[in-house]
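In the numbering used here, the protein residues as written are 2 to 106.
Glycine residues also receive a C-beta, built at the ideal position from the N, C-alpha and C atoms.
None of the values given here were measured: they were computed from a predicted structure.
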């Protein structure tokens, strides 16, 4: 039989790291989306290139925003798992008398 143990605090730490990653994606999306070229940046002959560049920048920015939302969702799921396992542990400790709120521990 396999011994399985889950550390809720380790899950919360991992969820925080993943949430930080989500923030980086959001920051990157804003940075990419805000830095657009003006129509004449490359001269009159480069207008088409500027338009293509700006369209691609907008596409990348949108994909980073979507990725950020997905990563944030993963973080929220791991936080929920941590809460569940914390509850399971607390119930176990209460059952066997290790936690007793009436006594303050």
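- Straight-line measurement puts the Cα of residue 11 at about 23 Å from the Cα of residue 96.
- Around the beta-carbon of residue 79, 16 or more other beta-carbon atoms lie within 10 Å, marking it buried.
- Non-local beta-carbon contacts of residue 37 in its own chain, meaning distances under 7 Å to residues more than five positions away in sequence, involve 55, 58 in chain order.
- Here residue 26 really is in contact with residue 68; their C-beta atoms are around 5 Å apart, less than 8 Å.
- With fewer than 16 neighbouring CB atoms inside 10 Å of its own CB, residue 70 falls in the exposed class.
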